[in-house]
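In our numbering, the protein residues as written are 14 to 414. Where is the CB? At the ideal position from N, CA and C, for every residue including glycine. Just so we're clear, the structure is a prediction, and the values are computed from it rather than from any experiment.
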Ligand code: ATP
Ligand code: MG
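The following block contains the structure:
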């Protein structure tokens, strides 16, 4: 860093994750550079430098590397070759190799199995579907199942539920015969995720376990407070996530998603209650509560990992509930949800990402609710949901485990 001039940190991708990372970096005095194909990306709009270029555009990448002293990514589908080009000139965290594993469900599962088999946290029973022969050889025990594209899936996109071999065949045609993974449909009673931040020196810190509710394949709510999941499951999930990060020599923020199975189901008898689903090589939607409920947010720690700053264990200081705000809300409220009424409730923190176009399913923002107790957080979450017209019933959506 030149004296008097801030160092510049860079990010591939200018969506909401890039925007919240930008805000964290700027708060620490860094200048920022964002590369995104959209000239009006949420992060680009607030960054010191915004490069409008495709993720694989060599000139755009060269410009980013010239500007930024260290570079990270906000999404996993950035071409690995682009990260490699950047890494020849600047420190890049997470590395292209780690991102490549997270881009491919088959590689990801193989890594989980290498790291976790001894720890008793399995992946869902699955088959790799690359050819018609693979499809025909699927054991009947994997059905009913979910056919997922091996690459490029997110928010439940690129997934089809199938009940029998005929549906499986039709689903693979629907997915254009790209390489896929067929997973057994598991009896979930809950989902959770764990975020860790790992530095280049191997130091690793974790956030508490997040309990997540999905609707239509998209995260709808995250709840975090002591006891949100049973302590033995929480410990297992944290240990597994640390192991996964260590096994990759990972540098940066990593999120791993888990399923909790119905204890009475035959699958839980065979697999155990905790199954590892997938990972994201970046901050995660389920970690947005950290902005208001922890003394370090997931974005603060992302900045620290890439700047080589020390990592201290983040502390949850409030019970927290995060409600995702999708474009549907704007459509239902003719352009403007009733924020004044929501913000009149105690402990509400509104985060909007600066997206001007609301579309169904589009992540427009989130509402964090912090409180001294889980009961108070839940009461405010129910009131907020009622005002916004979001369905929420804790007896159904978050049953005791
Ligand atoms: P993300 O937005 O988290 O990247 P994704 O599109 O990559 O999501 P997954 O996390 O694999 O997809 O699946 C989305 C959701 O579908 C899960 O959170 C879970 O609710 C459900 N699901 C996925 N796999 C299974 C399974 N094997 N059994 C039961 N439910 C599943
Ligand atoms: Mg997922």
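Since residue i sits in a beta bridge, which residues does DSSP pair it with?
i, result
"residue 47", "24 and 63"
"residue 236", "224 and 334"
"residue 403", "Residue 403 is not bridged to any residue."
"residue 307", "329"
"residue 117", "164"
"residue 177", "Paired residue(s): none; residue 177 is not in a bridge."
"residue 379", "337 and 364"
"residue 13", "Since the first and last residues shown for the chain are 14 and 414, residue 13 lies out of range."
"residue 186", "Bridge partners of residue 186: none, in fact."
Given residue i, which residues of its chain have a CB within under 8 Å of its CB, disregarding the five upstream and five downstream residues?
i, result
"residue 360", "331, 382, 383, 384, 389, 390 and 393"
"residue 412", "202 and 203"
"residue 89", "112, 115, 116, 293, 294 and 295"
"residue 155", "138, 139, 140, 195, 196 and 197"
"residue 87", "24, 25, 26, 27, 28, 30, 31, 34, 56, 295 and 296"
"residue 94", "69 and 109"
"residue 50", "65, 66, 67 and 68"
"residue 355", "361, 363, 380, 397, 400 and 401"
"residue 224", "203, 204, 205, 235, 236, 237, 241, 242 and 411"
For residue i, which residues from the same chain have a beta carbon less than 7 Å from its beta carbon, with the 5 sequence-adjacent residues on both sides left out?
i, result
"residue 81", "21, 22, 23, 46 and 103"
"residue 371", "340, 343, 344 and 377"
"residue 111", "261, 263 and 294"
"residue 105", "84, 96 and 99"
"residue 352", "363"
"residue 227", "204 and 233"
"residue 252", "132"
"residue 176", "156 and 157"
"residue 6", "For the chain, the structure presents residues 14 to 414; residue 6 sits outside this window and is missing."
Relative to the C-alpha of residue i, which candidate in the options has its C-alpha closest?
i, options, result
"residue 291", "399, 241 and 204", "204"
"residue 319", "295, 329, 302 and 306", "295"
"residue 159", "348, 59, 193 and 354", "193"
"residue 148", "131, 179, 164 and 118", "179"
"residue 218", "92, 28, 403 and 328", "328"
"residue 182", "206, 144 and 164", "144"
"residue 64", "79, 71 and 48", "48"
"residue 397", "414, 365, 409 and 350", "350"
"residue 125", "250, 72 and 275", "250"
"residue 189", "152, 199, 276 and 172", "172"
"residue 245", "287, 191 and 176", "287"
"residue 304", "254, 365, 272 and 146", "365"
With a threshold of 6 Å on Cβ separation, who are the neighbours of residue i within its own chain once the five nearest residues in sequence on each side are excluded?
i, result
"residue 337", "232, 233 and 379"
"residue 375", "340"
"residue 423", "Outside the displayed range of the chain (14 to 414) lies residue 423, so it cannot be described from this structure."
"residue 334", "236, 382, 390 and 394"
"residue 14", "Below a pLDDT of 50, predicted positions are generally treated as unreliable, and residue 14, at 49, falls in that range; no measurement from the model is reported."
"residue 54", "27"
"residue 38", "22, 45 and 316"
"residue 307", "327 and 329"
"residue 254", "207, 209 and 269"
Can you check whether the C-beta of residue i is within less than 9 Å of a C-beta belonging to chain D?
i, result
"residue 378", "The structure shown has no chain D; it contains just one protein chain."
Three CB pairs or more closer than 8 Å across the segment 30 to 46 and the segment 307 to 323: yes
Distance cut 7 Å, beta-carbon to the ligand MG heavy atom: residue list by chain order: 270, 290 and 291
Taking one C-beta from the segment 224 to 231 and one from the segment 166 to 186 each time, how about it: are there three or more such pairs within less than 8 Å? yes
Counting beta carbon pairs with one atom in the segment 209 to 216 and one in the segment 262 to 279, are three or more of them shorter than 8 Å? yes
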